[in-house]
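K.L.:
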Amino acid sequence: MSVLTAEEFLTETERKRVSAAISEAERRTSGEIRVHIEDHIEDEVLDHAAFVFEELGMHRTKDRNGVLIYVSVADRKAAVIGDKGINERVPTNFWNDVLGVLQLHFAASRQADGLCEAVFLVGEKLKAFHPHQHDDRDELSNEVSMGRK
Ligand code: CA
Ligand code: CA
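Heads up, the numbering used here is the position in the sequence shown plus 1, with the first residue counted as 1.
(1) What are the complete beta strand (DSSP E) segments, minimum 3 residues, inside the segment 28 to 82?
(2) Alpha carbon to alpha carbon, what distance is there between E33 and E140?
(3) Check whether the Cβ atoms of I23 and S73 sit closer than 8 Å, and answer yes or no.
(4) Can you give the Cα-Cα distance for Y71 and Q104, rounded to whole angstroms?
(5) Could you work out which residue in D136, V4, T6, F121 is closest to R18 when comparing CA atoms only?
(6) Give the DSSP bridge partners of P132, in chain order.
(7) Determine the direct distance from the alpha carbon of D136 to that of D98, and round the result to whole angstroms.
(8) On the three-state DSSP scale, how would you describe S146?
(9) 8 Å is my cut-off, CB to CB: does D40 come that close to chain C?
(10) Three-state secondary structure (DSSP) at N97?
(11) At a cut-off of 7 Å, is E27 close to ligand 2 when judged by its beta-carbon and the heavy atoms of the ligand?
(12) What is the C-beta distance between L11 and V145, in whole angstroms, given that I count them as a contact (C-beta under 8 Å)?
(13) Please report the distance separating the alpha-carbon of A80 from that of R138.
(14) At what residues does the alpha helix (DSSP H) containing A7 begin and finish?
Rendered as structure tokens:
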């Protein structure tokens, strides 16, 4: 079985779809959602996702309410991690259902559908703790980022 690269995993058109889903989700919450896709990693997925979180400057939001949806394509691994403004208030398995939805879609090769749905679910969860503010700023890019960090 061939191994997909990040670009094959999510085409440019699909990346735009996911990016639009992020913009839509961020209309309901002040939280900031990002999606990052990588080919392959050596280290443990949660550790690496935490590293990417920092590399993307996601810890620099005003309310510490960024959430990263991270995928390592060849390893078939994904992680959903939130900044401390969220993680301090939610149980440790808070993101597990989002991860479950992602993995179901990925197993059926519906990457874009899975990511869009995951973004939607994260937005719904964020909304409860960090509702949208009238003076909200888009603090982190809504573009899907790709490649080795
Ligand atoms: Ca915002
Ligand atoms: Ca944003």
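Cβ coordinates follow ideal geometry from the N, Cα and C atoms, glycine included.
Since the model is a prediction, treat every value here as computed from it, not as a measurement.
P.N.:
According to the structure data:
(1) 33 to 39, 67 to 73
(2) Within the sequence shown, residue 140 is the residue found at index 139, counting from 1. Within the sequence shown, residue 33 is the residue found at index 32, counting from 1. The straight-line gap from Cα to Cα measures roughly 7 Å.
(3) By one-based count along the sequence shown, residue 23 stands at place 22. By one-based count along the sequence shown, residue 73 stands at place 72. Result no, Cβ atoms of I23 and S73 do not sit closer than 8 Å.
(4) The sequence position of residue 71 within the sequence shown is 70, counting from 1. The sequence position of residue 104 within the sequence shown is 103, counting from 1. One C-alpha to the other measures close to 12 Å.
(5) Taking the sequence shown and counting its residues from 1, the one referred to as residue 18 is at position 17. For R18, the nearest C-alpha among the options comes from F121.
(6) Along the sequence shown, one-based indexing puts residue 132 at 131. The partner list for P132 (beta bridge, DSSP) reads T30.
(7) Position 97 of the sequence shown, counted from the first residue, corresponds to residue 98. Position 135 of the sequence shown, counted from the first residue, corresponds to residue 136. Spanning the two alpha carbons is a distance of roughly 31 Å.
(8) Here the question's residue 146 lines up with position 145 in the sequence shown. Correct three-state label for S146: strand.
(9) Judged by its chain identifiers, the structure shown contains no chain C, having just a single protein chain.
(10) Translated into the one-based positions of the sequence shown, residue 97 becomes position 96. Three-state DSSP puts N97 in a helix.
(11) Along the sequence shown, one-based indexing puts residue 27 at 26. Checking the Cβ of E27 against ligand 2 gives yes.
(12) What you label residue 11 is simply residue 10 of the sequence shown in a count that begins at 1. What you label residue 145 is simply residue 144 of the sequence shown in a count that begins at 1. Correct: roughly 7 Å between the Cβ atoms.
(13) Sequence index remark: in the sequence shown, residue 80 carries index 79 (1-based). Sequence index remark: in the sequence shown, residue 138 carries index 137 (1-based). Those two C-alpha atoms are separated by around 25 Å.
(14) Locating residue 7 in the sequence shown gives position 6, where the first residue counts as 1. Per DSSP, A7 belongs to the alpha helix (DSSP H) from 7 to 10.
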